[in-house]
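Shown next, in structure tokens, is the structure this report addresses.
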Amino acid sequence: MAEIGKIKLDTGWLAARSTEVDLTGVQLTTTQPPSGTDGPWMEAVVPGTVLATLLKNKLVPDPFYGLENESIIDIADSGREYYTFWFFTTFQCKLSGNQHVDLNFRGVNYSAEVYLNGHKKDLPKGMFRRHSLDVTDILHPDGENLLAVLVHPPDHPGRIPPEGGQGGDHEIGKDVATQYVEGWDWIIPIRDRNTGIWDEVSISVTGPVKIVDPHLVSSFFDNYKRVYLHTTTELVNRSAWVAECSLNIQVTTELKGSICLV
Amino acid sequence: EHLQTQHVSIPPGASVQYTFPELFFYKPNLWWPNGMGKQSLYNVEISIDVKGFGESDLCSHHFGFRKIESHVDSATGGRLFKVNGQPIFIRGGNWIVSDGLLRLSKKRYKTDIKFHADMNFNMIRCWGGGLAERPEFYHYCDIYGLLVWQEFWITGDVDGRGVPVSNPDGPLDHELFMLCARDTVKLLRNHPSLALWVGGNEQVPPKDINEALKNDLKLHPYFENSNGSSNLNNDIS
């Protein structure tokens, strides 16, 4: 039985440029997974951007030193596919009856296709949105799961005019993504426009009912003597029967050391 | 008295919103910005047990009791802030991104944010051309008492200015912008350091986006009361 809670997937990732991989996502996550850092595959930085991975593997110079950034090809010249990358990893997760598991991406720039054990799911566009995929039914019963993610850059990466300027040609503003990446008075243009799995990836195991996005609000009366904590949460019952639940809230304050006052 | 259990019955396949009866606290330790008092934090843990299964899910979140108010002062045109009823002189810094390759480590956030507190700052403004900062950023702002002014992804340079005017109507997909904004608010709204959501940098977002943001972020009527309201309430639901 897997433990209830969140497990981060932040180690053991591999990456490869999409144009150098002839396999499909289904093949990568079934019959022909990459076996290590040979061929086009390299150690990946996740969470992180494509450039962070290329820098980690010394395939580009560090853009923050001298004029090194000038020797890194800009996406406007290379085309979007040059910075469209595969990211691959494996993870263990052995469920017992009536447990469910979500695969969560807290930030992907800009859109992606997810393949898990041969099944495909899309992550729609948008840099600042979370994605949570219920993958309970496509996990391998023996526990070893193969995950591949094909990450696409922003739709409008723009082109940096010769004179530079704030936000380059402003094309990036057509997308819902960070705008500094075309360059600003304080920073050079970021060649991959921050494409990548830029924030946390995790799997979360729950029972039949999961807690989603609790909202905590306090209200104050009598000059802060009388205070209320209002808590609202979304609850999702993923089972096929009525779930009779006990919902608990506990508020503790950390005193010195590990003594808790309830 | 800070432990409460409620019985909830959820139909198969359903998603429900549940609100606990409010929890009463007598003179709780308040959360104060850097330089005004202690950043008292409570740990709120929510768990759910399902009959016939056992514990099904749990989550916990640091929470600080504080009330933040702000308004634009008609005399000076500047925005005045109050925390827990006390006016505060804002000493703040600009924040863009911690690293251009988004290597956003907790260690780096802790160092950068503690540095701001050591400089005697009490606010960090997250510029609209950068990121909606991450929970780890806000976690350390909660701990070190840095209020956060968080802008959405609109800037005067890229949206609606220049010759010719670029992106006069902002991003192409306004629904996508609002979906991202709503999800970002849900990700960050429980942090006591979050003081103000701002439409963008040097620019008002396109009218429909601005109206939607104002509507979604206004204080829920339930919390309006004569004794001053709740903490900044972003009731999206």
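Top to bottom, those sequences are chains B and V. Read in order, the letters of the first sequence are residues 73 to 334 in my numbering. Read in order, the letters of the second sequence are residues 1198 to 1434 in my numbering. Backbone N, C-alpha and C define an ideal beta-carbon position, used for all residues, glycine too. Keep in mind the model is a prediction, meaning the values are calculated, not measured.
Spell out whether any CB of chain V is found under 8 Å from the CB atom of residue i.
{"i": "B/L123", "result": "yes"}
{"i": "B/K328", "result": "In this predicted model, B/K328 has a pLDDT of only 47, less than 50, meaning its place in the structure is not dependable; the value taken from the coordinates is given anyway. No - not a single Cβ of chain V is within 8 Å of the one on B/K328."}
{"i": "B/V118", "result": "no"}
{"i": "B/D209", "result": "no"}
{"i": "B/Y155", "result": "no"}
{"i": "B/K282", "result": "yes"}
{"i": "B/W270", "result": "yes"}
{"i": "B/V186", "result": "no"}
{"i": "B/F159", "result": "no"}
{"i": "B/N266", "result": "yes"}
Cα separation between residue i and residue j?
{"i": "B/G179", "j": "V/T1308", "result": "23 Å"}
{"i": "V/Q1400", "j": "B/P112", "result": "44 Å"}
{"i": "B/G97", "j": "B/I210", "result": "15 Å"}
{"i": "B/G230", "j": "B/K282", "result": "41 Å"}
{"i": "V/I1433", "j": "B/N141", "result": "Note that V/I1433 scores a pLDDT of 35, beneath 50, so its modelled location is shaky and nothing firm can be said."}
{"i": "V/L1200", "j": "V/C1338", "result": "27 Å"}
{"i": "V/G1251", "j": "V/K1383", "result": "28 Å"}
{"i": "B/W85", "j": "B/T162", "result": "8 Å"}
{"i": "V/H1417", "j": "V/K1411", "result": "12 Å"}
{"i": "B/L127", "j": "B/L288", "result": "41 Å"}
{"i": "B/A88", "j": "V/W1228", "result": "47 Å"}
{"i": "B/S143", "j": "B/V273", "result": "31 Å"}
{"i": "V/V1269", "j": "V/V1280", "result": "15 Å"}
{"i": "B/V253", "j": "B/R265", "result": "5 Å"}
{"i": "V/R1331", "j": "V/L1299", "result": "11 Å"}
{"i": "B/P225", "j": "B/L95", "result": "20 Å"}
Residue i by DSSP, collapsed to three states: which one?
{"i": "V/F1318", "result": "coil"}
{"i": "V/P1332", "result": "helix"}
{"i": "V/H1388", "result": "coil"}
{"i": "B/S90", "result": "helix"}
{"i": "B/F163", "result": "strand"}
{"i": "B/T83", "result": "coil"}
{"i": "B/H203", "result": "strand"}
{"i": "B/M73", "result": "coil"}
{"i": "V/L1369", "result": "coil"}
{"i": "B/Q238", "result": "coil"}
{"i": "V/G1353", "result": "coil"}
{"i": "V/I1207", "result": "strand"}
{"i": "B/Q192", "result": "The sequence as given places Lys at residue 192 of chain B; Gln does not occur at that position. Three-state result, B/K192: strand."}
{"i": "B/L288", "result": "strand"}
{"i": "V/S1253", "result": "strand"}
{"i": "B/A315", "result": "strand"}
{"i": "V/K1415", "result": "coil"}
{"i": "V/H1313", "result": "helix"}
Does any residue of chain B have a CB that is nearer than 8 Å to the CB of residue i?
{"i": "V/T1308", "result": "no"}
{"i": "V/D1339", "result": "no"}
{"i": "V/Q1201", "result": "yes"}
{"i": "V/Q1347", "result": "no"}
{"i": "V/A1211", "result": "yes"}
{"i": "V/C1323", "result": "no"}
{"i": "V/F1217", "result": "yes"}
{"i": "V/D1356", "result": "yes"}
{"i": "V/R1305", "result": "no"}
{"i": "V/N1364", "result": "yes"}
{"i": "V/A1329", "result": "yes"}
{"i": "V/Y1170", "result": "Within the shown structure, residues of chain V are numbered from 1198 to 1434, placing residue 1170 of chain V beyond reach of any answer."}
{"i": "V/G1232", "result": "no"}
{"i": "V/F1312", "result": "no"}
{"i": "V/I1293", "result": "yes"}
{"i": "V/F1318", "result": "no"}
{"i": "V/I1207", "result": "yes"}
{"i": "V/G1297", "result": "yes"}
{"i": "V/P1361", "result": "no"}
{"i": "V/N1226", "result": "yes"}
{"i": "V/P1368", "result": "yes"}
{"i": "V/W1350", "result": "yes"}
Using a Cβ-Cβ cut-off of 8 Å, state whether residue i counts as contacting chain C.
{"i": "B/N129", "result": "In the structure shown, chain C does not exist; the protein chains are B and V."}
Q) What are the residues of the stretch 245–258 of chain B that lie near chain V, defined by any Cβ-Cβ distance shorter than 9 Å? A) Taking 9 Å as the upper bound on Cβ-Cβ separation, chain V lies near residues G245, K246, D247, V248, A249, T250, Q251, Y252, V253, E254, W256, W258 of the stretch 245–258 of chain B.
Q: Please name the residues in the stretch 1235–1253 of chain V whose beta-carbon is closer than 9 Å to at least one beta-carbon of chain B, in chain order.
A: Flagged, chain order: S1237, L1238, Y1239, N1240, V1241, E1242, I1243, S1244, I1245, D1246, V1247, K1248, G1249, F1250, G1251, E1252, S1253.
**Q.** Selection of the stretch 1252–1285 of chain V by Cβ proximity to chain B, strictly under 7 Å
**A.** Result list: E1252, S1253, D1254, L1255, C1256, H1258, F1260, F1262, K1264, N1281.
Q) Counting pairs of beta carbons, one from the stretch 1369–1383 of chain V and one from the stretch 237–250 of chain B, are three or more of them closer than 8 Å? A) Yes, the stretch 1369–1383 of chain V is in contact with the stretch 237–250 of chain B.
Q.
Measuring CB atoms only, is the stretch 1387–1398 of chain V touching the stretch 1343–1357 of chain V, in the sense that at least three cross pairs come out at less than 8 Å?
A. Result yes; three or more Cβ-Cβ pairs closer than 8 Å.
Q. Is the stretch 1214–1227 of chain V touching the stretch 301–315 of chain B, taking contact as three or more C-beta pairs under 8 Å?
A. Enough Cβ pairs lie closer than 8 Å, so yes.
Q.
What are the residues in the stretch 1373–1387 of chain V lying within 7 Å of chain B by C-beta distance?
A. Cβ contacts with chain B: L1373, F1374, L1376, C1377, D1380, T1381, K1383, L1384, R1386, N1387.
**Q.** chain V contacts made by the stretch 302–321 of chain B, where a contact means CB separation under 8 Å
**A.** Correct list: H302, T303, T304, T305, E306, L307, V308, N309, R310, S311, A312, W313, V314, A315, E316, C317, S318, L319, N320, I321.
Q.
Quick test of the definition: if touching needs 3 or more C-beta pairs under 8 Å, does the stretch 1384–1395 of chain V touch the stretch 1257–1269 of chain V?
A. Touching, per the Cβ criterion.
Q | Segment contact, 8 Å Cβ cut-off, at least three pairs: the stretch 165–172 of chain B with the stretch 204–223 of chain B | A | The stretch 165–172 of chain B, when compared against the stretch 204–223 of chain B, does touch it at the 8 Å Cβ threshold.
Q) Can you list, in chain order, the residues of the stretch 283–302 of chain B whose Cβ is nearer than 9 Å to any Cβ on chain V? A) Under the 9 Å Cβ criterion, the stretch 283–302 of chain B contributes I283, V284, D285, P286, H287, L288, V289, S290, S291, F292, F293, D294, N295, Y296, K297, R298, V299, Y300, L301, H302.
**Q.** Inter-stretch contact at 8 Å, needing at least 3 Cβ pairs: the stretch 286–301 of chain B / the stretch 182–193 of chain B
**A.** Too few Cβ pairs lie closer than 8 Å, so no.
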